[in-house]
Amino acid sequence: MSVDARALWAQLRPDAQGLVTTVVQHEDTGQVLMVGYMNPEALAATLASGRVTFWSRSRNTLWEKGATSGNTLALQSLRVDCDADALLAVARPAGPTCHTGTTSCFFRRVEGDQAEALPSDDGPAPGPDPTLGRVFDVILDRQAGRGMTNAEGKSYVRRLLDGGAPKINAKIAEEADELARAVEGESDERVASEAADLLFHTMVGLAHRGLGLADVSRVFARRFGHSGIDEKASRGS
């Protein structure tokens with residue numbers, strides 16, 4: 011990342027110990043992975059190496075995350091908050107982030123007055139893929155009548171939504187069939203393209219029903235730690 015570390019640090023507002031709180035977020039899912047602290051040397055090392063590096067308050071030394079375990083955090087982008095006293099490091103983790111072996115350090119949920127590690131809880135549920143989130147936002151804009159895209163002020167999404175469930179369902183069935191045929195014998199590029207078409211029309215269906223990607227994410231989160239065979243059998247009953 012081509013950033014002048016000294017110039018960036020000069021814009022920040024460190025605390026009394028000369029540190030800036032740094033939140034690490036998963037590049038793909040948006041999941042909060044951990045929180046650490048940076049001083050000027052840690053920021054410079056992070057920008058120079060491309061691997062998130064902190065200042066260890068307990069050891070009073072620089073600490074590259076994963077230097078010994080191999081569970082490094084490859085920096086993808088860096089953001090500064092509105093008060094300039096915190097950083098957001100968007101990173102791609104190599105393995106679990108927490109030293110306990112969980113994906114996120116935030117795996118203890120507050121229940122009443124206790125913070126307990128719950129079975130199969132690996133931290134806060136990841137959000138939807140950022141790109142899918144942007145696509146869904148566009149669908150919601152079209153649903154609200156914003157951003158019509160062709161010369162006549164018409165929108166494909168609006169046309170689907172105006173047709174209601176029958177029109178949306180017909181497109182979902184059509185795209186599912188095309189994806190199935192691509193999986194069976196077409197190129198990887200075609201499989202990805204048909205999958206994108208199916209996901210798009212599925213999202214239109216969600217918008218039609220007043221649901222969102224977070225509703226789907228919650229379903230997946232509930233299913234972690236359960237056998238897929240057992241889960242499907244339970245739905246049959």
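The sequence shown begins at 11 in my numbering and counts up one residue at a time.
All C-beta atoms, glycine included, are put in the ideal place defined by N, C-alpha and C.
If you measure between the beta carbons of L85 and A101, is that distance less than 7 Å?
Mapped onto the sequence shown, residue 85 falls at position 75. Mapped onto the sequence shown, residue 101 falls at position 91. Contact flag set, yes.
Just to confirm the assignment: which complete alpha helix (DSSP H) runs, minimum length 4, are found wholly within the region 192-230?
198-218
With which residues is H36 paired in a DSSP beta bridge?
Against the sequence shown, residue 36 aligns to sequence position 26. DSSP output for H36 lists A101 as bridge partner(s).
Among residues of its own chain, excluding the 5 on either side of G215, which ones have a beta-carbon nearer than 7 Å to its beta-carbon?
Taking the sequence shown and counting its residues from 1, the one referred to as residue 215 is at position 205. The residues are I178 and I182.
Can you tell me which of the three DSSP states R69 falls into?
Locating residue 69 in the sequence shown gives position 59, counting from the first residue. Note: R69 maps to coil in three-state DSSP.
With a threshold of 7 Å on Cβ separation, who are the neighbours of R23 within its own chain once the five nearest residues in sequence on each side are excluded?
Against the sequence shown, residue 23 aligns to sequence position 13. Within the same chain, R23 has close Cβ partners D93, A94 and D95.
Tell me whether S244 sits in a helix, a strand or coil according to DSSP, three-state version.
Here residue 244 corresponds to residue number 234 of the sequence shown, with the count starting at 1. The answer is helix: DSSP assigns S244 an H, G or I state.
Which same chain residues, not among the five before or five after D38, have their C-beta less than 7 Å away from its C-beta?
Within the sequence shown, the letter at position 28 stands for residue 38. Excluding sequence neighbours, D38 sits near D139.
Terminal residues of the beta strand (DSSP E) in which Q86 lies
Residue 86 sits at position 76 when you count from the first residue of the sequence shown. First-last of the beta strand (DSSP E) with Q86: L83 to V90.
Could you tell me which residues DSSP puts in a beta bridge with E74?
Here residue 74 refers to the residue found at position 64 when the sequence shown is read from its first residue. According to DSSP, which records beta bridges pairwise, E74 is partnered with T63.
Tell me, please, whether the region 143-157 touches the region 64-80 by the rule of three or more beta-carbon pairs shorter than 8 Å.
no
Determine the burial state of A26: buried for a count of at least 16 other Cβ atoms within 10 Å of its Cβ, exposed for fewer.
Taking the sequence shown and counting its residues from 1, one reaches residue 26 at position 16. A26 is exposed by the Cβ-count criterion.
In the DSSP assignment, the beta strand (DSSP E) including V13 goes from what residue to what residue?
Here residue 13 refers to the residue found at position 3 when the sequence shown is read from its first residue. Per DSSP, V13 belongs to no beta strand (DSSP E) and is neither H nor E.
Could you tell me the distance, in whole angstroms, from the CA atom of A154 to the CA atom of L171?
Position 144 of the sequence shown, counting from 1, holds the residue named residue 154. Position 161 of the sequence shown, counting from 1, holds the residue named residue 171. When rounded, the distance between both Cα atoms is 11 Å.
How would you label Y166, buried or exposed, when you count the other beta carbons within 10 angstroms and need 16 or more for buried?
Taking the first residue of the sequence shown as position 1, residue 166 is located at position 156. By the 10 Å Cβ count, Y166 comes out exposed.
Grab me the residues of T107's own chain with a C-beta within less than 8 Å of its C-beta, minus the 5 sequence neighbours each way, in chain order.
Stepping through the sequence shown from its first residue, residue 107 is reached at position 97. Same-chain partners within the cutoff: V34, L43, M44, K75, N81, L83, T113, S114 and C115.
Between which two residues does the beta strand (DSSP E) harbouring R156 extend?
Mapped onto the sequence shown, residue 156 falls at position 146. From DSSP, R156 is part of no beta strand (DSSP E); its letter is neither H nor E.
Between the Cα of R168 and the Cα atoms of V62, A217 and S59, which residue gives the shortest distance?
On the sequence shown, position 158 is the one that residue 168 refers to. Ranking the options by Cα distance to R168, first place goes to A217.
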